[in-house]
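Take a look at the structure set out below.
Number of protein chains: 2
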Amino acid sequence: MEKSNPGKNNLYNFENDPYNYVINTFCNRWKFCIIRGIYFDGATRFNRFTKQLPISEKVLTMTLKELETDGLIERTVYPEVPVRVEYTLTDAGRSLMPLLDMMYDWGWKRMKELGLEIDPLGEMWHGYREKDEAFMKNPFKK
Amino acid sequence: MEKSNPGKNNLYNFENDPYNYVINTFCNRWKFCIIRGIYFDGATRFNRFTKQLPISEKVLTMTLKELETDGLIERTVYPEVPVRVEYTLTDAGRSLMPLLDMMYDWGWKRMKELGLEIDPLGEMWHGYREKDEAFMKNPFKK
DNA sequence: CAGTATCCTTAGGGATACTG
DNA sequence: CAGTATCCCTAAGGATACTG
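In order, the protein sequence lines correspond to chains A and B.
Each residue of the first sequence is one higher than the one before, starting from 1 at the first, in full-length UniProt numbering.
Each residue of the second sequence is one higher than the one before, starting from 1 at the first, in full-length UniProt numbering.
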């Protein structure tokens, strides 16, 4: 999404509105899922994201960097061979979870109202379906 | 934001995830502010949006149409001269307010932590600052 | 007043090949 | 494994002029 570039043409200044901050730092195609994924894993590695989400490596790299810059996740390098890199949530990142859960709930109920199909893995994560631990630990094919 | 076009390359299907639904229908540069605006006004007219927000007429029209299509707002035409058109929230639209408030709160606290300047009108709307009704009714110059 | 119509820019995202 | 590098496309958003 384009960064805000509002002219200051009125008394209300959109650029300093928390809604604008939330949208810029947090509302994007992948961040919700990335943060939820780390939350449920505890720590997540690069390749797990690429398998879990239909996201390209370039976009994943960019998104993780943005989340790190904004202080929502932390990147830790373990100098093993081959190298291991883990992403974890910061306190600020964890503080998003109630909000994320509420968003999920709103979306879930709205999709139900509209008769839309809902993915079962998300339902397990959010308590709308009985958990299948094995499936949740490896929710992808390759 | 681009609509989702994920390949179904794993067991988790991003397209059917409520997060994806929420992002597609709701997370965009203007929708938060538009919905909040209508909520606090009760009913809002086209020109009030254009004065309140640094949004172009084209984008406003598009955004309002999307919100209407997704069942979050309602458009009512009063055949006066000149014509009056009012936008109000549907029940589904109103059901977003707790979520919006929570987003605002998260953003507000985070901006405070980071020492960022916060717009006072939003603070009045969300109870972080004493309300100035006159200002809230006409929060723009022209 | 409440929009259309036109033209334009740019950021977000994607595919794929390659690398320390 | 965990990314870079390169090239590409689209859609979101913007500016401005015009209209029933």
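For each residue, glycine too, the CB sits at the ideal point set by N, CA and C.
Only a predicted model underlies this, so the values are computations on that prediction, with no experimental measurement involved.
For residue i, the first and last residue of its enclosing alpha helix (DSSP H)
i	result
R94(A)	91 to 94
D105(A)	97 to 113
C33(A)	31 to 41
P18(B)	18 to 26
F135(B)	133 to 137
P54(A)	First-last for P54(A): undefined, no H or E at that position.
P82(A)	Run containing P82(A): none; DSSP gives neither H nor E here.
Other residues of its chain near residue i: CB distance less than 6 angstroms, five sequence neighbours each side excluded
i	result
E123(B)	R129
A134(A)	none
I118(B)	M111
T25(B)	D70
Y104(B)	H126
Assigned exposure category for residue i - 16 Cβ within 10 Å defines buried
i	result
K137(A)	exposed
G93(A)	buried
Y87(A)	buried
R36(B)	buried
D17(A)	buried
M62(B)	exposed
K31(A)	buried
Where the beta strand (DSSP E) containing residue i begins and where it ends
i	result
Y78(A)	73 to 78
Proximal chain A residues relative to residue i, where beta-carbon distance stays under 8 angstroms
i	result
F14(B)	C33, L53, P54, D119
L96(B)	W106
V48(B)	The residue you asked about is not Val; residue 48(B) is Arg in the sequence shown. Ordered by position in chain A, no residue passes the 8 angstroms Cβ test against R48(B), which lies about 11 angstroms from the chain.
R129(B)	Within chain A, no residue comes near R129(B); the closest Cβ sits about 12 angstroms away, beyond 8 angstroms.
Under 7 angstroms from the C-beta of residue i: neighbouring residues of chain B
i	result
L89(A)	Result: empty, since nearest Cβ-Cβ is about 14 angstroms, beyond 7 angstroms.
V81(A)	Those do not exist, as V81(A) stays about 28 angstroms from chain B at its closest Cβ, beyond 7 angstroms.
Cross-chain neighbours of residue i in chain B, by beta carbon under 9 angstroms
i	result
D17(A)	F32, C33, Y104, G107, I118, D119, L121, G122
V59(A)	Under the 9 angstroms cutoff, chain B gives no residues; its nearest Cβ is about 11 angstroms from V59(A).
Sequence-distant residues of the same chain with beta carbon closer than 8 angstroms to residue i, five excluded per side
i	result
V85(B)	R45, F46, R75, T76, V77, Y78
Contact list for residue i against chain B, beta-carbon separation under 8 angstroms
i	result
A92(A)	R110, E113
Y21(A)	G107, R110, M111, L116
Interface partners of residue i on chain A, CB under 9 angstroms
i	result
L99(B)	L99, M102, M103, D105, W106
Residue i Cβ short of 8 angstroms to the ligand HEM heavy atom set
i	result
P82(B)	The ligand content of the structure shown is nil, which means the ligand HEM is not present either.
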